[in-house]
Structures are given as structure tokens and as C-alpha cells.
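Q:
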Amino acid sequence: MQLMKIQKTIGNQVTDIMNIKQDKEFIAKHEKDIENNKDFIKTYQVNVPIKVAKDFESLNCTICSETCHENCSVPAGFLIWTCEAMTNFKCGICPGKCSTDYHTMQKFTHETKTENRTETREELKKRYEVAKKGAAGCTEMVTRNRASLEQSLKELDKILKQVEEKILKLKR
């Protein structure tokens, strides 16, 4: 369970890193085109949340829209507190550490799909109006992507600490 969460978090981080790198390269390459209002199209990747239908039930958080335990074997919805993802009626997997009250058994999982999107000069110009006189627009976007990455790294660090604690607990 924890390993799936780590894998998902790392996947999101990779997308954030790639977007930061592509933005820097794109701005450096097209800086004059942006200033001269030339037409161009920029492609970037975005993680889109999706629900994937399954033949089995999984424990899903209705607040965080996360799958906390894929293919959960809890026998009935009212016994959710017995799932291994739960500790003291709180979830150890979802970002909000939500109560069992907000978790349900459902025949789908919450996943993310990476999509390529395009942005026209006009859309990019709106985001980079400040960039005409410097790199402020680019810096703002890179800062936003870095903030997303830092948040993701903090989540990963928390997850790894929880895994380490559980390993130590199992060794005792």
C-alpha cells in the first residue's frame, strides 16, 4: 500500500521536474519570439485525476479523492476501521489522514494519467505578460512548479518515515 503511494508520488514529481526543465528550455529558446509576439505552440504535460473501474472493491477517501487500499479485503463497509490503512479510526494513506467516516468501499480506484496539452502564443502571452521586461513570468511559473515539487517531496518524506516506523514496529 505504502509502496504504491510512493510510486504515485514519485511519478507526479517526475512530471513536475520535466515541466520545470521544459519551461526553462522553452523560454530560453523562444524569448525573442515571445517579445515579438510571434506565433508558436508549446506542449507540456499535466497529471489528470481519473477513476478506473475494477472488478474488486478498493477503499477510497471521499474527501481526498484517493485510493487508500486497492483490492481491500474488508468484508463490509461498516468494518472499514479494520483495514490495514487505518490506525485509530484515521487513514494513514490519504493526504488528509481522514476519518473512517469519509472512506467507502468502491469498485474503482483513483489514479492519475499524464496528458500532453498544448498552449498557443496567446495563452502563453497571458501567462507571461510580465516576461516582456524580464523573466518574472517564467520565474513565477517555475516557482509554482517548484512549490508543487517541494510539496510532493514533503509528502514522500512523510510516507517514507511512516514506512520506516512500520518496519521498526514489525522487527520488535
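FYI, in this note's numbering the residues of the sequence shown are 1149 to 1320.
Backbone N, C-alpha and C fix where the C-beta goes; we use that ideal spot for every residue, glycine too.
1) By a C-beta neighbour count over all protein chains shown, 10 Å radius and 16 as the cutoff for buried, is aspartate 1164 buried or exposed?
2) Just to confirm my understanding: we take asparagine 1160, look at its own chain, exclude 5 residues before and 5 after, and list those with CB closer than 6 Å. What are they?
3) Give the C-beta separation of histidine 1251 and cysteine 1239 to the nearest angstrom, bearing in mind that I take them to be a contact with Cβ-Cβ under 8 Å.
4) So, helix, strand or coil for threonine 1210, using DSSP?
5) What residue range does the beta strand (DSSP E) around threonine 1248 cover?
6) Which residues does DSSP pair with glutamine 1254 in a beta bridge?
7) For cysteine 1246 versus cysteine 1209, is the C-beta distance shorter than 8 Å?
8) DSSP state of glutamate 1173, grouped into three classes?
9) Taking C-beta to C-beta, are threonine 1260 and lysine 1156 nearer than 8 Å?
10) Any idea what DSSP makes of valine 1222, helix, strand or coil?
A: The answer reads as follows:
1) For the purposes of this step, residue 1164 is taken as the residue at position 16 of the sequence shown. Aspartate 1164 comes out buried.
2) If you number the sequence shown from 1, residue 1160 lands on position 12. Excluding residues within five positions, the ones whose Cβ falls inside 6 Å are Asn1195, Ser1300.
3) Taking the first residue of the sequence shown as 1, we reach residue 1251 at position 103. Taking the first residue of the sequence shown as 1, we reach residue 1239 at position 91. The pair is a contact, with the Cβ atoms about 6 Å apart (cut-off 8 Å).
4) Residue numbering aside, residue 1210 sits at position 62 when the sequence shown is read from its first letter. Of the three classes helix, strand and coil, the one that applies to threonine 1210 here is coil, per DSSP.
5) The sequence position of residue 1248 within the sequence shown is 100, counting from 1. Segment: none, threonine 1248 is in no beta strand (DSSP E) and carries neither H nor E.
6) Looking up residue 1254 in the sequence shown gives position 106. Per DSSP, Ser1206.
7) On the sequence shown, residue 1246 is found 98 positions in, with the first residue counted as 1. On the sequence shown, residue 1209 is found 61 positions in, with the first residue counted as 1. Contact flag set, yes.
8) Working through the sequence shown from its first residue, we reach residue 1173 at position 25. Three-state result, glutamate 1173: helix.
9) For the purposes of this step, residue 1260 is identified with residue 112 of the sequence shown, where counting begins at 1. For the purposes of this step, residue 1156 is identified with residue 8 of the sequence shown, where counting begins at 1. Closer than 8 Å, so yes.
10) For the purposes of this step, residue 1222 is taken as the residue at position 74 of the sequence shown. Valine 1222: coil per DSSP, three-state reduction.
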